[in-house]
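The structure under discussion appears below in the form of C-alpha cells.
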Amino acid sequence: MGVKGAPDPSVLALAKQAEEEVNAHAKVRSVFKKVEIKADEIAGYVEIVGAGVRWEGKNLSRHLSGCESAYLIAATLGFEMEKRVNYLMSTRPALGVATDAMCTSALECALDELCLQLEKQCGKKLKTRFSCGYGDFPLAAQKDMVKLLDTGRKIGVFLSESLMLAPQKSVTAVVGISDESENNLRGCGDCGKKDCAFRKENK
Amino acid sequence: MNFLEFLKENTVILDGALGTQFQAKGMPAGKSPEYYNIERPELVEEIHRGYIAAGSDVIYTNTFGANSVKMDIDKVERIVRAGVEIARRAADGKFVALDIGPTGALLEPLGSMTFQQAYEVFSQIIRAGADADIIVIETMSDMAELRAALLAARENSSLPVMCSMTFEEGGRTFTGVSAEAFALTASPLADVIGVNCSLGPDKLLPIMKRIASHTTKPLFIKANAGLPDEKMRYSIGAEEFARMYEEYADMGVNILGGCCGTSPEYIAKIKSTLGNKKPAAREVNVPAAVCSASQVVYLDRVRVIGERINPTGKKAMKEALLKGDMGYVAARAIEQAEAGADILDVNAGVPGIDEKAVLCQMVKRIQAAVELPLQIDCGKPDAIEAALRAVNGKAIVNSVNAEEASLNGILPIVAKYGAAVVGLAVDERGIPSTVEGRLENARRIIERAKAFGIPEQDIYIDCLTLTVSAEQGQALNTLEALRRIKSEYGVRTVLGVSNISFGLPARGAINSAFLTMAMQAGLDLPIINPNIPEMMAAVDAFNVLSCADKGCSRWVERYASTKAEPAAAPAEEGKDIYYYISKGLPQAADVTREKLNVMQPLQVIDELLIPALNRVGDDYEKGVIFLPQLISAAEAAKLCFEEVKSHIKGGAVGKGDIVLATVFGDVHDIGKNIVKTVLENYGYNVIDLGKNVPPQTVVDAVKKGNVKLCGLSALMTTTVENMKKTIELLREQCPDCKIMVGGAVLTEEYAEKIGADMYCKDAAASARYANAIFLPQ
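As given, the protein sequences belong to chains E and Z, one line each in that order. Residue 77 is where the first sequence starts when you use the working numbering, and the numbers rise one by one after that. Residue -1 is where the second sequence starts when you use the working numbering, and the numbers rise one by one after that.
Right under this line is the structure:
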C-alpha cells in the first residue's frame, strides 16, 4: 500500500480486515512441473529439453546457469477473490485497496510455501523465482508457461491476447534446481528498473 | 440411427482419454496433439480403434484444442476436417463426436475476449466439422464461453449438441459457475448435458446429482481415473472405475465414458459392467428458478426484483444512459444488491436511444459488478434477443402481452434462450377493467407460451397495478385477479408495486400496505425499490408469516444484529473539516452541514472542501499519509459533497465531466478505480467506461458529453500500444479533449512519446491535473 515507516493504527485495523477478506475468499491453487533445462549464459538462452521451448535472454540464462533442471510453477488466488476485491472497490474503496495489496502478499506467501515444499521434495536447493517480464525474460514466454503447466485445466488460470493472466492475482515462475546452496541471491537493488516505486537499495 | 433416438433406448458408451494415450505413445510435453491429425493420422486412428474395439459407441475427434486462439487460424479448418475424417474411418459405423474444448482465453468480464470473438472461433470449428454426427463441447469452466460455443453450435449446425463443464469438489467451476446454474442455463441450448474431467467418479457423483435435479435433458459423465500422483499414475483402476458408474446408471445417467487417465481397458470394463443396461427412468421436477452464472434464485418464497435500473421518471439514470455512463448503472446494481434485492430489472427505455446497444452494455456492466440474476425489461424483440445473448445465466424477459404481435415476436426468443417470461394481462384493447378480462388475457399468454415450449414454472403473470388515486376500485380488482390466477392457473406472479400510490402523499405507507395485501393474494415477485427498508421488511416478514422462511432463520440473521449503529461521536470543538476528512471520519458531513447554515453551498466547496482535499493530497505527496488513508479521506469527502448537493436545487455540483477507461486488452482496473474514487470526491462527475474499452468507445463517450478531460490507464507494455491508439483517435476526433494517462509501466517520457498531455503517477496527481484543467486560477 506504499506505507513507509510505522503505520497509523487506522491502517493496521484496515490491514486486519483485509486479512479476514483474503482468508474468507482466496482459494490458493497451484501446479508445478519438473523439467530438464539447458541454460546457456554465454549465448543467452534457456531451453526446456524435449518440449521445443527456447527462451532468449541474458537475465534468465544467467540466473539459471549451472542448473540442469527446474520447476515451472504457477499459483493463483482464484476468481472468487478477484470478484470480491472488485466489489469492495465499489462499496468500501479503502478496504478494497488494502485487500488488493493483501492479496499480493498472500500470493507471494503461497509461492514461498510451494517452493519450500518443492525443495524438500527434490532434496536440493532452489533458486529464487524468476517470472516472465523480469529483466529481459519476455512476457511472451507466458504462453509457454501456461501451455506446459496446462494452467487453464489444472488451476483455472488463463492468458489473454495481451499476455495478462486471469485471475489477476496469479503468478507463473521458473525456479532453478541447484546443487549448491543459493549464493547469488539478488536483492531488489540489483534490478535494472531504477524508477520502480517499490525499489529498495541493497543493504 | 439418430444419436438422440439411440440414447433413449441404450446405455451409450463414450470413449476414454486421448491425451493420456498420446503421452503413452511418446508424444513430447508441450506438443499439441491436434497436429497429429496431419502429421501422424495413423497414430490417431489407432487410438480411436482401440476405443471402438473396447466397446465405445461414440468416439470424440482429436480436435479438443483445434481453435484459432491456440493455433494459426488457417490451420484450424484442415486439422478439424482431418480429425473428423480419421474418426470416421476408425468408427466402424459408430458415432463420431466433434470435440470442442475451451479456447484457452477468457471472456469478458473476467478476461478480455468478447462474446462475439469467442462465437466466431467456435463457429469456424463447427462449420469445419460438419461431417460429424454429434457436437460435444467439453471441459468448460466459464459460463460465457460455454454459451458462446452452444449458440455457435445451434446457429451453424443442426447436429445434436452435448456439453459438459468441469467442476471442483465443491460443485463450482474455476470461474465460480455452480452445478445448478450450469444445468438451468445450458439445458435449453443443449440436447445432452454432463460433467467431465477434474475428479474421479466418486467425487463427481454429488455434483452430477445436483445437475440431475435441475434438468430434464439426458446426462453424461466422463470422469478422470481419480487423481494423479507425481509420476502421473492415476488412483482409480478400471474395475473400480466401472463399478463407481453403477450408481450413475441407477440414477439415469446413461451416457458413460472416461477422461484423463482412462484407457480402452476402462471403457471395456464399463461396457461389460453396464453396457447392456436399459436406461433407468428419471423423475425430475425442475424447480422454478432464475440464475446468474454463480447464483441461483429459487422462487420458493417471495423474491424481490429491484426496480432502480430504469430511466422512467429518474433523471440521473436517464442522463447516465444518454452519456453512456455505465459506472452509474453498476453503482445502482451494487446498491440494490447490498439492500437485499434478489433479481435486478434492467430497462434502457429512453426516447431516441439505441435501446438494443445500450441494453447490452448495461447487462454486461451489471454482470461484472454483481452476481444477481437479471430481468430484461423491454418490449422490442431485437433488443431482447441481443440482451439475452449477453446474459450469463437464465434471465426473465419482461414482458409479453396478450397481443398476437407481442406473443409471436417475443415468445420464440424466450424459448430459444430458455429464459423465464412475464406476461402482462393486457391486450390491444388495454388493461381490462374486470377481473375476468385479466384472467382471459393471462390464460391466452400461458397457453401460447406453453405451445412455444416454455415450461409452466417459467411463466409469470403480471396483473398490473393501477394508480389508486385515479381508479380506486381497481386495487381490489388487481388483488382478486392475482388470487384467481394463482388458484386457477398455478403460475408465478409478478407486480410493479410503487405505481399504486402515485399522486398521493406518504406514498411509502400505501406502497407497503398494498405490497402486503398483494403477497397475501399470491404475489411471488414484487418489483420494488429495495433501498426502502420498510418495503424489504414487509417482504421478509411475509416470508416468516407464510412459513417460507423456515425457522425464521433469514429474519433473525437479518434483523437480530440491527442494533442501532453506535452513533458517531459528535464533531468536536476546534476540529475542522480538514481534520475529519484527513482521518476519514463521517463527522466531516456534520461539520459540512453546520457550515451550510452560514455559508453558500458553492462557497463551502471552494473555501472548505477543496482546500481540505488539496491538503490531504499534499500530505499524500509528502508521505505523511498513504494510499488507504487517501482513499478513506476521499470517502469522507464524498459524504460532505452529498450534504452540499442536498442544499442545491437540482443537486448539481459537478465541476465537470471526466471520462475514465482502462484501455482495450487490459482488465486490470484497480488503478483506474482508485482514480475514479478520488476524482468523484473532488466533485467531478466521472463517466467510467470500465475496462477493456475499445478506442472508439472512448472517443464516442468524449464526443457525446463534449468532455474536456479523459483519463486512460494501462498496466503492461502489451496494452500501452492500445493506449497510444486511443490517444491517436481522440486527437483526430476530439482535438479539444485533454488526456491524462497512468499505469504501472508508464513513465513521464513514455506518456509524452504516445502523445498524452499529462502523466499522472497516482490518483492525487490526476486530481491536481483535473483541477488545473477545470479550475484554472
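By construction, the Cβ of each residue, glycine as well, lies at the ideal position given by its N, Cα and C atoms. In this text the structure is predicted, and so the values were computed from the model without any measurement.
- The segment 195 to 208 of chain E makes no contact with the segment 681 to 692 of chain Z; the number of CB pairs closer than 8 Å stays below 3.
- In this structure, the straight-line span from the alpha carbon of E730/Z to that of A177/Z is close to 49 Å.
- For P31/Z, there are no C-beta contacts with chain E under 9 Å, since the nearest C-beta of that chain is about 12 Å from it.
- When Cβ-Cβ separations below 7 Å define contact, G102/Z makes contact with chain E.
- Counting only Cβ-Cβ distances below 7 Å, G621/Z has contacts in chain E at K80, in chain order.
- The alpha-carbon separation between V642/Z and K653/Z amounts to approximately 13 Å.
- Pairing E263/Z with A223/Z gives a Cβ-Cβ distance that is not under 7 Å.
- When DSSP assignments are scanned along the segment 217 to 261 of chain Z, the uninterrupted stretches of beta strand (DSSP E) that are 3 or more residues long and fall wholly within it turn out to be 217 to 221 and 253 to 256.
- Under the 7 Å criterion on CB atoms, T717/Z is classed as interfacial with respect to chain E.
- By a beta-carbon distance limit of 8 Å, L190/E contacts I149/E. Their separation comes to about 6 Å.
- For G572/Z, no beta strand (DSSP E) segment is defined, and its DSSP state is neither H nor E.
- For Q93/E, the enclosing alpha helix (DSSP H) covers residues P85 to H101.
- As the crow flies, the alpha-carbon of T59/Z is around 33 Å from that of V247/E.
- Unbroken beta strand (DSSP E) runs of no fewer than 3 residues, entirely contained in the segment 361 to 435 of chain Z, are found at 372 to 375, 394 to 399 and 418 to 422, following chain order.
- Contact check between the segment 274 to 294 of chain Z and the segment 66 to 80 of chain Z: fewer than three CB pairs, one atom from each, fall below 8 Å, which does not count as touching.
- For I646/Z, the secondary structure class from DSSP, reduced to helix, strand or coil, is coil.
- Inter-segment contact for the segment 82 to 91 of chain Z and the segment 112 to 125 of chain Z is absent: fewer than three beta-carbon pairs are separated by less than 8 Å.
- Of the candidates T271/Z, K229/Z, M230/Z and C257/Z, T271/Z places its Cα closest to the Cα of D248/Z.
- Taking a 10 Å sphere around the C-beta of I382/Z, we find 16 or more other C-beta atoms and assign the residue as buried.
- In its chain, beyond the 5 residues on either side, F108, Y147, I149, L202 and V251 have a beta carbon closer than 8 Å to the beta carbon of L194/E.
- Counting along the chain, the unbroken beta strand (DSSP E) around T152/E starts and ends at S145 to T152.
- Taken through DSSP and simplified to helix, strand or coil, V67/Z comes out as coil.
- For L687/Z, the secondary structure class from DSSP, reduced to helix, strand or coil, is coil.
- Under the criterion of beta carbons closer than 8 Å, A659/Z and L687/Z qualify as touching, at roughly 4 Å.
- By the 16-neighbour rule on beta-carbons within 10 angstroms, D343/Z is buried.
- Apart from sequence neighbours up to five positions away, the residues of its chain that approach F213/E with a beta-carbon distance below 7 Å are W131, G133, N135, L136 and F206, ordered along the chain.
- In the structure shown, S30/Z falls within a coil segment according to DSSP collapsed to helix, strand and coil.
- Among the residues of the segment 683 to 706 of chain Z, none has a Cβ less than 7 Å away from any Cβ of chain E.
- Not a single CB atom of chain Z sits nearer than 7 Å to the CB of E144/E.
- Bounds of any alpha helix (DSSP H) do not take in V251/E; it lies within the beta strand (DSSP E) bounded by S246 to S254.
- Among the CB atoms of chain Z, one or more fall inside 7 Å of the CB of L239/E.
- If you draw a straight line from the Cα of A558/Z to the Cα of K392/Z, it comes to about 33 Å.
- About 7 Å separates the beta carbons of V98/E and T175/E, which is inside the 8 Å limit, making them a contact pair.
- In the three-state reduction of the DSSP assignment, S207/E falls in the coil class.
- Using a Cβ-Cβ cut-off of 7 Å, S110/Z counts as an interface residue toward chain E, since at least one Cβ of chain E sits closer than that to its own.
- The continuous stretches of beta strand (DSSP E) do not include S156/Z, and DSSP gives it neither H nor E.
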